[in-house]
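Engineer: Chains as they are written, first to last, in my numbering: chain A, 1121 to 1244; chain B, 1121 to 1244.
To start, I am sharing the structure in question, which I have written as structure tokens.
Protein chains: 2
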Amino acid sequence: MTASLNPDMFDAACPTTAMPFQIGDKWTVMVVLCLEDGPRRFNELRVPLRRVTSKVLAETLRSMERDGLINRFAYDENPPRVEYELTPLGRTLLDLVDAARSWCSENMDDLVAARAAFTARDPA
Amino acid sequence: MTASLNPDMFDAACPTTAMPFQIGDKWTVMVVLCLEDGPRRFNELRVPLRRVTSKVLAETLRSMERDGLINRFAYDENPPRVEYELTPLGRTLLDLVDAARSWCSENMDDLVAARAAFTARDPA
DNA sequence: AGCGCCGGTTCCGTTGCGGTAACCGGGGGT
DNA sequence: ACCCCCGGTTACCGCAACGGAACCGGCGCT
């Protein structure tokens, strides 16, 4: 048992490195959740994410649009109006995000307890 | 439709911020995968993750131990031997990781195509 | 003329993750 | 006496992400 590990299992060229919420982007997942119930405007998104600045939100939305996760509709009005909505591809992320949230709600107690026990053992 | 967004849906105090693979840690998920088939030694983990240095791996393993995702067994031998294995809690992450990997393999083509189309539209 | 709205962009500063290289302790081999 | 092994630790550093604040254009209102 315990077969040996493939040295190339995490090849740098592996395309999963480009996963959209790259286990790295701070806001993508939250934007997906905010768009779950329909299109939203730019400043409308900033309300629930009130810790994000317009600069960072604009960057996040642009990269999500680049990856085909959202569509951007700019209406030629005044004052300007822009709406973002999930694409079908973006909607498929909802399942994944829900799975992550379920994991959290199911295991958060264990996790908090583990942290408390660890810091009790090793107060450093 | 499109109910208004709850301003507090991402409260900074929300414990999900402490999610172990916090959509932010670069190595935790890969360590989980490396430990899927049984316990591994420190330098054994560095082989598949050959891009990680001992410092970063040590940090990752320590925080995973802190969160109760792995157990650390240090044998009093020479040369020293240390083994890491997933706890039951850590094993529950495998489902989530598999879901993420499935998403990738199912949608990677769309994603790559979307990027190509976007950069074709907006070469900037 | 001046102000506000909206959806950004620009400039600048900070933070912190991740990386590199050097070193360590203690036993065993030669 | 020296070096190697393993599993780290320490000091230092760079860069990208994140953040704050100011600014912009075009229109309408007063």
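Cβ atoms here follow ideal geometry from the backbone N, Cα and C, with glycine treated the same way.
For clarity, every value in this text was computed on a predicted model and none was experimentally measured.
1) If I follow the unbroken alpha helix (DSSP H) through A/Arg1166, where does it start and stop?
2) Could you tell me which chain B residues have their CB closer than 9 Å to the CB of A/Ala1234, listed as they occur along the chain?
3) For the putative contact between A/Gly1210 and A/Val1152, defined by C-beta atoms under 8 Å, what is the C-beta separation to the nearest angstrom?
4) Does DSSP put A/Ala1172 in a helix, in a strand, or in coil?
5) Could you tell me which chain B residues have their CB closer than 7 Å to the CB of A/Thr1173, listed as they occur along the chain?
6) Looking at the structure shown, is B/Asn1191 part of a helix, part of a strand, or coil, going by DSSP?
7) Taking the alpha carbon of B/Glu1205 as the point to measure from, which residue in B/Asn1227, B/Phe1162, B/Arg1241 and B/Glu1226 has its own alpha carbon closest?
8) Taking all protein chains shown into account, decide if B/Arg1160 is buried (16 or more other Cβ within 10 angstroms of its Cβ) or exposed.
9) Name the two residues that bound the continuous alpha helix (DSSP H) containing B/Leu1213.
10) Tell me which residues share the same chain as B/Gly1144 and place their Cβ nearer than 7 Å to its Cβ, disregarding the 5 neighbours each side in the sequence.
11) Does the contact criterion of 3 or more C-beta pairs under 8 Å hold for the segment 1231 to 1240 of chain A versus the segment 1183 to 1190 of chain B?
12) With a threshold of 16 other CB atoms inside 10 Å of the CB of B/Pro1168, please say whether the residue is buried or exposed.
13) Could you pull out every residue in the same chain whose Cβ sits closer than 8 Å to the Cβ of B/Val1202, ignoring the five residues on either side in sequence?
14) Rounded to whole angstroms, how far is the Cβ of A/Thr1223 from the Cβ of B/Thr1212, which I believe are closer than 8 Å?
15) Could you tell me the boundaries of the alpha helix (DSSP H) in which A/Leu1083 lies?
16) Against B/Leu1249, what residues of chain A qualify as contacts under a CB-to-CB distance less than 7 Å, listed in chain order?
Structural biologist: This is what the structure holds:
1) Position 46 of the first sequence, counted from the first residue, corresponds to residue 1166 of chain A. Looking at the DSSP string, the run of the alpha helix (DSSP H) that includes A/Arg1166 is Phe1162 to Arg1166.
2) Working through the first sequence from its first residue, we reach residue 1234 of chain A at position 114. Neighbours of A/Ala1234 on chain B, chain order: Glu1185, Arg1186, Asp1187, Gly1188, Leu1189, Thr1207 and Leu1209.
3) On the first sequence, position 90 is the one that residue 1210 of chain A refers to. On the first sequence, position 32 is the one that residue 1152 of chain A refers to. About 6 Å; that satisfies the 8 Å criterion.
4) Your numbering for residue 1172 of chain A matches position 52 in the first sequence. It should be noted that the sequence gives Val, not Ala, for residue 1172 of chain A. A/Val1172 falls in the coil class under three-state DSSP.
5) By 1-based counting over the first sequence, the position of residue 1173 of chain A is 53. Simply none; closest approach about 15 Å.
6) In the second sequence, residue 1191 of chain B corresponds to position 71, counting from 1. Correct three-state label for B/Asn1191: strand.
7) As a working note, residue 1205 of chain B is residue 85 in the second sequence. The shortest Cα separation from B/Glu1205 among B/Asn1227, B/Phe1162, B/Arg1241 and B/Glu1226 belongs to B/Phe1162.
8) Here residue 1160 of chain B refers to the residue found at position 40 when the second sequence is read from its first residue. Label assigned to B/Arg1160: buried.
9) Stepping through the second sequence from its first residue, residue 1213 of chain B is reached at position 93. Looking at the DSSP string, the run of the alpha helix (DSSP H) that includes B/Leu1213 is Pro1208 to Arg1241.
10) Translated into positions along the second sequence, residue 1144 of chain B becomes position 24. Note that B/Gly1144 scores 47 on pLDDT, short of 50, meaning its location in the model is unreliable; the coordinates nonetheless yield the value given after this. Counting only Cβ-Cβ distances below 7 Å, and skipping sequence neighbours, we find nothing.
11) yes
12) Residue numbering aside, residue 1168 of chain B sits at position 48 when the second sequence is read from its first letter. It is buried - the Cβ of B/Pro1168 has at least 16 other Cβ atoms within 10 Å.
13) Here residue 1202 of chain B refers to the residue found at position 82 when the second sequence is read from its first residue. These residues qualify, in order along the chain: Arg1161, Phe1162, Arg1192, Phe1193, Ala1194 and Tyr1195.
14) On the first sequence, position 103 is the one that residue 1223 of chain A refers to. On the second sequence, position 92 is the one that residue 1212 of chain B refers to. The sequence shown places Trp at residue 1223 of chain A, not Thr. Sure, about 7 Å apart at Cβ, within 8 Å.
15) Since the first residue shown for chain A is 1121 and the last is 1244, residue 1083 of chain A is missing from the structure and cannot be characterised.
16) This structure cannot speak to residue 1249 of chain B, because chain B is shown only from 1121 to 1244.
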